[in-house]
Amino acid sequence: MDLKELLGEDLYNQVIEKAGDKKLAVVNDGNWLPKEKFNEKNEEVKDLKAELKQRDEQIGQLKTSVKGNEELEAKIAGLQKTNDDWEVKYKETQLNTAIKLAAKGAKDANDVLAFIKKDGLELQDDGAVKGLDDALKALKESKSYLFEEPGLKGRMPNNDPTPPANQTNLQTEYEKAVSTGNMPLAISIKNRIFQGEE
0 MDLKELLGED LYNQVIEKAG DKKLAVVNDG NWLPKEKFNE KNEEVKDLKA
50 ELKQRDEQIG QLKTSVKGNE ELEAKIAGLQ KTNDDWEVKY KETQLNTAIK
100 LAAKGAKDAN DVLAFIKKDG LELQDDGAVK GLDDALKALK ESKSYLFEEP
150 GLKGRMPNND PTPPANQTNL QTEYEKAVST GNMPLAISIK NRIFQGEE
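Each step along the sequence shown adds one to the number in numbering that gives the first Met the number 0, with nothing skipped, and position 15 is 14.
#1: Compute the Euclidean distance between the alpha carbons of K52 and Y89, then round it to the nearest angstrom.
#2: Where do the N-terminal and C-terminal ends of the alpha helix (DSSP H) with G77 fall, by residue?
#3: Output yes or no for whether 7 Å exceeds the beta carbon distance between V111 and A102.
#4: Do K136 and F146 have their C-beta atoms closer together than 7 Å?
#5: Going by beta carbon distance, what residues of the same chain come within less than 6 Å of Q93, once the five residues before and after it are set aside?
#6: Which word fits A113, buried or exposed, when buried means at least 16 other C-beta atoms lie within 10 angstroms of its C-beta?
#7: Could you check if I75 is buried or exposed, using at least 16 other CB atoms within 10 Å of its CB as the buried criterion?
#8: In angstroms, rounded to a whole number, what distance separates the CA positions of L78 and E56?
#9: Hey, could you find the ends of the alpha helix (DSSP H) Q13 is sitting in?
#10: Could you give the residue range of the alpha helix (DSSP H) that holds D110?
#11: Decide if Y144 is buried, meaning its Cβ has at least 16 other Cβ atoms within 10 Å, or exposed.
#12: Would you kindly report the start and end of the unbroken alpha helix (DSSP H) that includes D1?
#13: Report yes if the CB atom of A176 is closer than 7 Å to the CB atom of L169, and no otherwise.
#14: By the 10 Å Cβ neighbour count, where 16 or more other Cβ atoms means buried, how is L5 classified, buried or exposed?
#15: Going by the CB atoms, is the gap between Y11 and K22 shorter than 7 Å?
#16: Given that a residue counts as buried once 16 or more other Cβ atoms are within 10 Å of its Cβ, and exposed if not, what is L131?
#17: Considering only the beta carbon of each residue, do I188 and Y173 sit closer than 7 Å?
Pasting the structure below:
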């Protein structure tokens, strides 16, 4: 909104007459900045430029002092290489540990580690290994002898539901040994029952 619209035509003409050659404007419409605020921001810019110049000088001094000291540069480069080597070893150890932990059902996790193809494996930030499930599946198919067959362990149960005649005798002897408190004999008889002795 300009001054003419704000004051109206009659009042505007009176103000212009009295002002003469001086220019008039509405200063609170967002186009004008108070002098104090301008000076404050101008000082901030000057301070920041001076600080930036000082930082540039310090960086230049550091560069010249480090370049002058070749021994220090070599030492820093050596330490950086050692750090990089340790980082590679650390990531490799993390990958190997993740593979061993994921090798469930393997007879020996170290064998799985030796045979698994690590080319497509990628260790992620959360410790998970991208592509590990597929690599283990491929290894189980190609080298199944590294993994145990799932199934029951122990002796095969008898298919005949009727116990052998001698087993009933052993059961009777077992109960008699337990009732008399002869635990070593009871354990021995129980082992014979489990082994299927007649």
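We treat Cβ as the ideally placed atom computed from N, Cα and C, and that holds for glycine.
Reading it off the structure:
#1: 42 Å
#2: E69 to A101
#3: yes
#4: no
#5: L122
#6: exposed
#7: exposed
#8: 27 Å
#9: E8 to A18
#10: A108 to F114
#11: exposed
#12: First-last for D1: undefined, no H or E at that position.
#13: no
#14: exposed
#15: no
#16: buried
#17: yes
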